[in-house]
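Protein chains in written order, with this note's numbering: chain A, 11 to 150; chain B, 11 to 150.
Number of protein chains: 2
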Amino acid sequence: MDKKSKSLSKNQKIVLDFIQKNKKPVKAYSILSNVQKKGINAPPQVYRALEKLIEIGKIHRVESQNSFVACKISNCDTPHKTVFSICNSCEIVSEINDPKLFKNLKDFRDKDGTVFDGYNLEFFGTCKSCKNKQIENTKH
Amino acid sequence: MDKKSKSLSKNQKIVLDFIQKNKKPVKAYSILSNVQKKGINAPPQVYRALEKLIEIGKIHRVESQNSFVACKISNCDTPHKTVFSICNSCEIVSEINDPKLFKNLKDFRDKDGTVFDGYNLEFFGTCKSCKNKQIENTKH
DNA sequence: AGGTATAGTGTTATAATATAACAAATTTTT
DNA sequence: AAAAATTTGTTATATTATAACACTATACCT
Chain A
11 MDKKSKSLSK
21 NQKIVLDFIQ
31 KNKKPVKAYS
41 ILSNVQKKGI
51 NAPPQVYRAL
61 EKLIEIGKIH
71 RVESQNSFVA
81 CKISNCDTPH
91 KTVFSICNSC
101 EIVSEINDPK
111 LFKNLKDFRD
121 KDGTVFDGYN
131 LEFFGTCKSC
141 KNKQIENTKH
Chain B
11 MDKKSKSLSK
21 NQKIVLDFIQ
31 KNKKPVKAYS
41 ILSNVQKKGI
51 NAPPQVYRAL
61 EKLIEIGKIH
71 RVESQNSFVA
81 CKISNCDTPH
91 KTVFSICNSC
101 EIVSEINDPK
111 LFKNLKDFRD
121 KDGTVFDGYN
131 LEFFGTCKSC
141 KNKQIENTKH
């Protein structure tokens, strides 16, 4: 049994469920309006669930978007160590799981030798699909 | 002459000046209240200046804090490629300029081979000074 | 099982962060 | 000097997030 899978509360389940259903990251108030039929009425209920879900690593916060996305890494035991690629055009976000990069970041320490508890890395660019669309549009 | 140093507008100078005076990152509304005596009256004036200063690389946005900090890298010609260390305790932010890490990030491409225009990396931990204070407090 | 500590809930109000929209002034380019 | 582009000043409002408080459910302990 996984220590982290203590079982979520009602609101935590509702919020996680909604986030997992979405391929793209979702915003807090979008979550709110989508789960009101399930009995979540006010922002603090959403933000509390988000806080907990982030803490246990089930979701991540995409800082540059103020949005939230489900962790895609199975059996994720490393909350607060995240790498994303973000398309500047369609804003789609993918979680990156690159062992070499992961190791580089994990082992990094600064000039003082400080070790870090966590990190968040966001790459920005144009995703393949958007790049293709741009090329389409160039053809007169 | 540097292409980027086109000369800043009045509000841009005022805002940059204030950010550069501060060792810690500053928040937009803190900037506003501190430059009101210089004739900047409303949020949009601050946010516009911030937007431009970020664009030209004079300042960076610390995403996890919604705050803004002057670029510490002399002759910075790489806006949107930033690495910070952030103390969880005192929230002080240092810009990291590590050639090896820089190269790793610059050269990184994802599974599709996509090259990225930029990135933002934020490391979280406890800075030396805060760690020392914690040890002090342990000594009954 | 009963007591108590911990975590979660529901609610109202409000704080903090950020942008839209528009008219006027300034600077840059031609 | 006219046209174009940028910056300004302003009001209003949108978006994101938290404080505070009373209450309820769950876990945990001997």
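The beta-carbon is built from N, C-alpha and C at its ideal position, and this holds for glycine as well.
Whole-angstrom C-beta distance between residue j and residue i, which should lie under 8 Å
i: cysteine 97 (chain A); j: glycine 135 (chain A); result: 7 Å
i: valine 56 (chain A); j: isoleucine 41 (chain A); result: 5 Å
i: alanine 59 (chain A); j: glutamine 30 (chain A); result: That pair is no contact at about 13 Å.
i: valine 103 (chain B); j: valine 125 (chain B); result: With 8 Å as the limit, valine 103 (chain B) and valine 125 (chain B) do not qualify as a contact, their Cβ atoms being about 28 Å apart.
i: glutamate 73 (chain B); j: asparagine 130 (chain B); result: 6 Å
i: leucine 111 (chain B); j: phenylalanine 118 (chain A); result: 6 Å
Residue burial classification, residue i (beta-carbon count within 10 angstroms, cutoff 16)
i: isoleucine 145 (chain B); result: exposed
i: arginine 71 (chain B); result: buried
i: serine 95 (chain B); result: buried
i: glutamate 65 (chain A); result: exposed
i: serine 77 (chain B); result: buried
i: serine 15 (chain A); result: With a pLDDT of 45 at serine 15 (chain A), under the threshold of 50, the modelled position of this residue cannot be trusted; read the value that follows with caution. Under this definition serine 15 (chain A) is an exposed residue.
i: tyrosine 39 (chain A); result: exposed
i: valine 36 (chain B); result: buried
i: asparagine 100 (chain B); result: According to the sequence as given, residue 100 (chain B) is cysteine; it is not asparagine. Exposed: under 16 other Cβ atoms inside 10 Å.
i: methionine 11 (chain A); result: Because methionine 11 (chain A) carries a pLDDT of 33, less than 50, the predicted location of this residue cannot be relied on, and no value is offered for it.
i: lysine 91 (chain B); result: buried
i: phenylalanine 28 (chain B); result: buried
i: glutamate 61 (chain A); result: exposed
Under the three-state DSSP convention, the category residue i falls into
i: lysine 110 (chain B); result: helix
i: lysine 141 (chain B); result: helix
i: lysine 34 (chain B); result: coil
i: lysine 23 (chain A); result: helix
First and last residue of the uninterrupted alpha helix (DSSP H) at residue i
i: asparagine 130 (chain A); result: No alpha helix (DSSP H) holds asparagine 130 (chain A); the beta strand (DSSP E) holding it covers 128-135.
Continuous beta strand (DSSP E) stretch holding residue i: start and end
i: lysine 91 (chain A); result: 91-97
i: serine 104 (chain A); result: 103-105
Check your understanding: Going along the chain, which unbroken runs of the beta strand (DSSP E) with 3 or more residues stay wholly within the segment 54-80 of chain A?
Key -> 69-72 and 77-80
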